[in-house]
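Comments concern the structure below.
Protein chains: 2
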Amino acid sequence: MSNENIYNPHVSIDCVVFGFNGEKLKVLLIERTIKENNGLYNDKKLPGSIIFADEDLDTAASRVLNELTGLKNIYLSQFHSFGNPKRTENPRDILWLENTTQLKIGRIVTVGYVALIKIDRKIQFKNENTTANWFDLNEVLKMNLAFDHSEIIHKGLEYIRHNMDIEPHLLFELLPRKFTISQLRILYDTVHQSRSDVRNFQKKVAQWPYVVPLDEMETGVSHRAARLYKYRKTK
Amino acid sequence: MSNENIYNPHVSIDCVVFGFNGEKLKVLLIERTIKENNGLYNDKKLPGSIIFADEDLDTAASRVLNELTGLKNIYLSQFHSFGNPKRTENPRDILWLENTTQLKIGRIVTVGYVALIKIDRKIQFKNENTTANWFDLNEVLKMNLAFDHSEIIHKGLEYIRHNMDIEPHLLFELLPRKFTISQLRILYDTVHQSRSDVRNFQKKVAQWPYVVPLDEMETGVSHRAARLYKYRKTK
DNA sequence: ATACTTATTGTATATTAAACAATAATAAAA
DNA sequence: TTTTATTATTGTTTAATATACAATAAGTAT
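Note that the protein sequences, when read in sequence, are chains G and C.
Position 68 of the first sequence, counted from 1, bears residue number 52 in the working numbering, the numbering being contiguous throughout.
Position 118 of the second sequence, counted from 1, bears residue number 102 in the working numbering, the numbering being contiguous throughout.
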């Protein structure tokens, strides 16, 4: 007997998907519409879902993200679990869950994942029942999101800040395949909440063997073009 | 209506409790006996339990640790969740769970916590149904423990290593209230898997304003006594 | 008194981080 | 075609931090 595609309505996963547009960090959110007695209510939530009964957590995170965006093979990392019993007590959230899952919903513990993706990757924004979109992280942090998703995004942001601190390789998950040192520096400073000196930053990067110059220059800019670099994995 | 003391049999917490005896890291484990057809089987497990239906995860971790050891007000920190569906498939583990909880047990997702405690704290080792004991971490890492508890300990160890790296204050959770610089250095090196130079380590510690010398010396040693220090919290 | 054990301390060198601005290349404007 | 505007690129000096290295002090045990 298989439990395949039978939901476990007690545990869910939520993905905080970060992107970088060359200037700012972005987060991928799902826009939802709730039909209430007195009309329609719009808000946003993280891509996430309850897990299947015999599915591992990491597998569930990949699957759900793929279902909601079409994305595959992306950097995904578990960072924290959220179990406040009140997190699933908002009647609007319960109504929405019971409508979309057709299950009786009680308390749900959710496991938070962060994903880092190149913002130019093709995303299936429109799905049968959902619409995904990129939003400015700074704006999102001020919004009222579904469930405890604001708190989850906060924690996820802390997590990637902390981790990119000790693992610079993660930065390149967010950059395009070919990038300039300026883009790298702006991303670095955005994540670290710092303002690096341009010369010192060039020196730092020159010592990273995994950042390699290309015989190619930036195009389409109305000033001196910068050299392009690529990331090369090393052990 | 209250859900108090109603179990949620889908989610549990497990605590990896670390101690330090001046030489080595220790882990607190629960010894259990399983009655099988052909006799008794003994093994060890982490202190942990399924949570209550309306209980927060952090609260559950504190409560369970208190119930199993009598400990209160200790440093407890969530580090990772474990949801492999096979983690609760060992018949011996299921039998034991169903006997101790009187519930039908299916898949359980567990949330891992680490605790750091002073090894000389009074612990209620013997309880009605359980016995707790300190074990050498190195020995434990070679044992076959219940469920996926070996994996959980591994991850918990990684977590505290990582965190003490960037937050030296955590070291003092494991040391006695009065300690020598040698003890501090041995703990530091055990955690960091390093061998610090004695002179350089003294210099490093001299710059930590939260390590303050006392007018008191070590006693009961058969050689020159070392000065005692205490930890003083700072912001 | 002597041997044994651990505690305590300083200096010189290497590495890393931080501060700081002038020139080069290109596109757009005049 | 010259000038202006914009961003790219590059070195040196100084400060801070980390590393390597061993002799003497203090107390216990024989």
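Note that the Cβ used here is the ideal one computed from N, Cα and C, for glycine as well.
Chain-ordered, the chain G residues with CB closer than 9 Å to the CB of V95/C read S65, G67, V93, V95. Partner residues in the beta bridge of T115/C, as assigned by DSSP, are E15/C, K110/C.
Interface criterion met: the Cβ of D40/C is under 9 Å from a Cβ in chain G. At a cut-off of 9 Å, the C-beta of H138/C has no neighbouring C-beta in chain G.
Only residues of its own chain outside the window of five on either side were considered, and among them G3, E157, L158, L159, P160, R161 have a CB closer than 8 Å to the CB of K102/G, listed in chain order. By a beta-carbon distance limit of 8 Å, L12/C does not contact T72/C. Their separation comes to about 22 Å.
Bounds of the alpha helix (DSSP H) holding P75/G are 75 to 85. Within the same chain, I35, V93 come within 6 Å of V(-5)/G by CB-CB distance, once the 5 residues on both sides are set aside.
A check of alpha carbon separations from L100/C across R169/C, F63/C, S33/C identifies F63/C as the nearest. Per the Cβ contact rule, the region 21 to 36 of chain C is in contact with the region 120 to 139 of chain C (3 or more Cβ pairs under 8 Å). A Cβ-Cβ contact shorter than 9 Å links A210/C with S166/C.
Residue ranges of uninterrupted alpha helix (DSSP H) with 4 or more members, entirely inside the region 33 to 63 of chain C and ordered along the chain, are 41 to 53.
Rounded to the nearest angstrom, the gap between the Cα atoms of K139/G and L9/G is 15 Å. By the Cβ neighbour-count rule, L171/G is buried, with 16 or more other Cβ atoms within 10 Å of its own. Chain-ordered listing is empty here: chain G has no CB closer than 9 Å to the CB of Q86/C, the nearest sitting near 19 Å.
Judged by their CB atoms, V124/C and D(-2)/C are not nearer to each other than the 9 Å cut-off. If you draw a straight line from the Cα of M148/G to the Cα of N5/G, it is about 18 Å long. Taking all protein chains in view, the Cβ of V205/C is surrounded by fewer than 16 other Cβ atoms within 10 Å, so the residue is classified as exposed.
By the neighbour-count definition (other C-beta atoms within 10 Å, threshold 16), V195/G is a buried residue. In this structure V0/G touches I137/G by the C-beta definition: roughly 5 Å separates them, less than 8 Å. With fewer than 16 other beta carbons inside 10 angstroms of its own, Y25/G counts as exposed. What N(-8)/C touches in chain G, judged by beta-carbon distance under 8 Å, is H(-6), R91, going in chain order. Those residues of the region 168 to 181 of chain G placed with their C-beta closer than 8 Å to a C-beta in chain C do not exist.
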